[in-house]
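J.: In the UniProt record's numbering, the protein residues as written are 1 to 609.
Ideal Cβ positions, reconstructed from N, Cα and C, are used throughout, including at glycine.
Source: prediction; values computed, not measured.
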Amino acid sequence: MDLKAQLKAAVERAAADLGAPVDAAIQETPANKPGDYGTPAAFQIAKALGQNPAQVAAGLAERVQLPEGISRVEAAGPFLNFFVDVGAFVRGVVEKPFEMPPLGGKVVIEHTSVNPNKELHVGHLRNVVLGDSMARIFRAAGHTVEVQNYIDDTGRQAAESLFAESHYQRVWDGVQKYDHWMGEGYVRLNADPAKPSLEEGISAVMHRLEAGELRGEVEKVVKAHLATCFRLGARYDLLNWESDVVGSGFLTQAMTILEGSRYTTHPTEGKYAGAFVMDVSEFMPGLEEPNVVLLRSDGTAMYAAKDIGYQFWKFGLFEGMRFKPFLTDPEGHTVWTSAPGGQPDLERRFGHAQEVINVIDSRQDHPQTVVRSALGVAGEGEKKERSVHLSYAFVTLEGQTISGRRGIAVSADDAMDEAENRALKVLAEINPDLAARADAHEIARRIGIGAIRFAMLKAEPTRKIDFRWEQALALNGDTAPYVQYAAVRAASILRRAQEAGHATDGTGADWDALADLDLGLAKMVARLPEVVAQSVRVHSPHVVAQYALDLATAFNAWFNAKDRAGKPATNVLQSPAGLREARLALVARLRRAFEETLDLIGIEVPAAM
RNA sequence: GCGCUCGUAGCUCAGGUGGAUAGAGCGUUGGCCUCCGGAGCCAAAGGCCACAGGUUCGAGUCCUGUCGAGCGCGCCA
């Protein structure tokens, strides 16, 4: 049990003794307030007992049993504040690895799901980075995570790009990135005044796609997409193809389940005559039109019905899909794909989620709520509650709406190229020796990709992002390079200590020599598990990104701290023996915290900067 | 019209289940290398937390309303 949990229990016991059981909140005391952790519990107790909060706090202070590691308690007016034993606390933090109480349950996260007809643009980056970071965070929190990427291989967009290829007799030179090349045909077709007369040909391609005849063509685009996503650091477990979702009978099975619901009907008259309709008003109050058409009166399926079938499958409501390995990712893990000729999933390896997170932009809020409601309609109330739409605001480009069709976009590949180039340029300016090293490109890669990822997730997903080079690729301020720099600095201290023969593992440490400055840093490190828990709770990685900044700020402030005489107050290597080893151990733990935290959002620490 | 999301410093954003004097970055101004890395640190200036009510011992946070912004509302995908 960690310290805060122990404090909470202690306060609650004391409150119970006073005759007023409470749910005590333990929080860090604000700067300039006495103590390290405190609770406003006296307010609640005073109210229950009809007494003065300050007196209650004083009473609690006398009564509360201090857990180990707490040196004293003090009532500050109505607040009850605890002072930690500095040496014991820091030692505890240093010796305790990052770990989370294991959470059970499998989580399926769907992200990316980019139409396979054109290269990714900067707007897609947000989706990929959000989804990939959530996957990392949920894994760290102890969940089993399966990342799925939905391939819409029967859609109009894929058909148009493939049609353009033959219509314009385009030939790929084998050099240009394949998805970019396909995208050019798509843009050309949509700028072609003759396009309205080409519908027949496009339609024919759609039929061939549905028949699975062009799977190989689509796969080439998908592989090009994955190259982009891998470069960003994203990883996948399974590709689900729309044609397979349909071909596996998910639609039929889902409709069979919904047939049994009292919320679905086959109206025989009125505007929905002949259709299969779902009434979602109980799950989506306030709608003008509570009915959702699932099957048209001609028997064909609405898109929503396919989505519902897929979502039902993710939760394991039925089986029927076949799978085979698709390719190997940069870490050597196999990415699987649905496939007509694959093997049945006898071990129930895929799907069967306890929770499903769909990363889709906020324009899909309404359709996603319909999909979610369908679980309620099917009588799966618990699964409905654990069906999460991670909704984010669509990215604009210099104030303009991004449009792949009209070619108004900056590609994800170009953005990453530019980010790495800028990082390399800055490196050459401020650290020419480093820029001449053999690993300069790897350093620039980590900085550039880190900067982009961080820019895409440091704010809440509901925030609009207007992509501008200067801020997306900024290397100062609230950015990944700021955090990376702090981590590199920490490593630099450790390296020099090792060169000088000092222990960095706490051997020979005099913990009691540590000061309040050091304590502040240790308290920041200790927050990581709570941060992860909160990120999981709110389904957003921005919490982790903000924490990474806090960690770096705390370290930089500590690193530069001056005493009253204006001399460095925390110089590790020049600290007296004992204190030096304690501080080195703290820096070593902090360095790990940087790596652990940045890894949660898919950012790597460079060897040097 | 209805629904969803949002409104915090000049700009971009943080702000655990409501708790102590609302915090960062960018920009502006002024400082800091006799000291482990200046992509850094310190300081100053900058706030009716959109507005009005309400709940509460306590509201940036919860509720209602108003104003403003974005998005969505098809037997399309």
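Where do the N-terminal and C-terminal ends of the alpha helix (DSSP H) with Tyr303 fall, by residue?
T.: Run containing Tyr303: 303-314, per the alpha helix (DSSP H) assignment.
J.: Does DSSP put Phe394 in a helix, a strand or coil?
T.: DSSP places Phe394 in coil when its eight states are reduced to three.
J.: Mind reading off the beta-carbon distance from Lys220 to Tyr178? Whole number of angstroms is fine, and I expect it under 8 Å.
T.: So it is a contact: roughly 5 Å between Cβ atoms.
J.: Excluding the 5 residues flanking Glu581 on each side, which residues of the same chain have their C-beta closer than 6 Å to its C-beta?
T.: So the list reads Ala503, Gly508, Ala509, once near-sequence residues are dropped.
J.: Do you know offhand how far Ala75's Cα is from Thr39's?
T.: The alpha-carbon atoms of Ala75 and Thr39 are separated by roughly 10 Å.
J.: Please classify Asn52: is it buried, with 16 or more other beta-carbons within 10 angstroms of its beta-carbon, or exposed?
T.: Answer is exposed; the Cβ neighbour count stays below 16.
J.: Return the bridge partner residues of Ala75 from the DSSP annotation.
T.: Ala75 pairs with Leu80.
J.: For Glu398, I'd like the list of residues in its chain whose CB is within less than 8 Å of its CB, leaving aside the five on either flank, ordered along the chain.
T.: Counting only Cβ-Cβ distances below 8 Å, and skipping sequence neighbours, we find Asp466, Phe467, Arg468.
J.: Is it the case that the Cβ atoms of Ile443 and Met416 are separated by a distance below 9 Å?
T.: No, they are not a contact pair.
J.: For Thr256 and Gln157, I'd like the C-alpha separation in whole angstroms.
T.: Approximately 30 Å, taken between the alpha carbons.
J.: For the beta strand (DSSP E) that contains Arg564, what are its first and last residues?
T.: From DSSP, Arg564 is part of no beta strand (DSSP E); its letter is neither H nor E.
J.: Per DSSP, which one or two residues make a beta bridge with Glu355?
T.: According to DSSP, Glu355 bridges with Val107.
J.: Let me confirm a value: Ala554 is counted as buried when at least 16 other C-beta atoms fall within 10 Å, else exposed. Which label applies?
T.: Ala554 is buried by the Cβ-count criterion.
J.: Would you check if the distance between the CB atom of Gly316 and the CB atom of Ala353 is smaller than 9 Å?
T.: Yes. Within cutoff.
J.: According to the neighbour-count rule (16 or more other Cβ atoms, all chains shown, within 10 Å of its Cβ), is Trp172 buried or exposed?
T.: Classification of Trp172: exposed, given that the 10 Å Cβ count is below 16.
J.: Given that a residue counts as buried once 16 or more other Cβ atoms are within 10 Å of its Cβ, and exposed if not, what is Glu160?
T.: Result: buried.
J.: Are Ser362 and His121 close, meaning C-beta to C-beta below 9 Å?
T.: No, they are not a contact pair.
J.: Find the nearest neighbour of Ala459 within the set Lys47, Glu420, Ser540, Glu604, judged by alpha-carbon distance.
T.: The residue with the shortest Cα to Cα distance from Ala459 is Ser540.
J.: Among Ser391, Leu258, Thr29, Gly477, which one has its Cα closest to the Cα of Leu130?
T.: Closest by alpha carbon: Ser391.
J.: Excluding sequence positions up to five away, which residues of its chain have a Cβ less than 6 Å from the Cβ of Phe283?
T.: Contacts found: Ser373, Gly376.
J.: Flag this pair as yes or no: are the beta carbons of Tyr150 and Leu239 separated by less than 9 Å?
T.: The answer is yes: Cβ separation under 9 Å.
J.: List, from N- to C-terminal side, the alpha helix (DSSP H) runs of 4 residues or more that fit wholly inside the segment 211-280.
T.: Runs found: 215-232, 242-247, 250-259.
J.: Restricting to Cα atoms, I'd like to know which of Phe312, Ser338, Glu418 is closest to Lys324.
T.: Comparing Cα positions, the closest option is Ser338.
J.: Are the beta-carbon atoms of Leu494 and Arg564 separated by less than 9 Å?
T.: Taking 9 Å as the Cβ cut-off, Leu494 and Arg564 do not qualify as a contacting pair.
J.: Quick check for students: name the residue ranges of the beta strand (DSSP E) that lie wholly in the segment 514-601, counting only runs of 3 or more.
T.: Correct list: empty.
J.: Which of the three DSSP states, helix, strand or coil, is assigned to Tyr168?
T.: Residue state, collapsed to three classes: coil.
J.: Could you give the C-beta distance for Met524 and Leu549, rounded to a whole number, given that I count them as a contact under 8 Å?
T.: About 11 Å separates the two Cβ atoms, so there is no contact after all.
J.: Figure out for me which residue from Arg208, Pro481, Tyr186, Pro34 has the closest Cα to the Cα of Gly407.
T.: For the residues Arg208, Pro481, Tyr186, Pro34, the minimum Cα distance to Gly407 belongs to Tyr186.
J.: Suppose you measure from the CA of Gly92 to the CA of Ala588; what does that come to, to the nearest Å?
T.: Going by the C-alpha atoms only, they are around 14 Å apart.
J.: Rounding to the nearest angstrom, what Cα-Cα distance links Arg496 and Thr154 in this structure?
T.: Distance between the alpha carbons of Arg496 and Thr154: 59 Å.
J.: With 16 other CB atoms within 10 Å as the buried threshold, where does Thr334 fall?
T.: With fewer than 16 Cβ atoms within 10 Å of its Cβ, Thr334 is classed as exposed.
J.: For Leu598, is the classification buried or exposed, using 16 other Cβ atoms within 10 angstroms of its Cβ as the cut-off for buried?
T.: Result: buried.
J.: Would a C-beta distance cut-off of 9 Å place Ala561 and Ala569 closer than the cut-off?
T.: Yes. Within cutoff.
J.: Whole-angstrom Cβ separation of Val544 and Ile137, contact assumed at under 8 Å?
T.: Sure, about 6 Å apart at Cβ, within 8 Å.
J.: Looking only at its own chain, which residues have a Cβ that is under 8 Å from the Cβ of Asp17, when we skip the five neighbours before and after it?
T.: Counting only Cβ-Cβ distances below 8 Å, and skipping sequence neighbours, we find Arg63.
J.: Measuring only the C-alpha atoms, how far is Phe318 from His389?
T.: Going by the C-alpha atoms only, they are around 21 Å apart.
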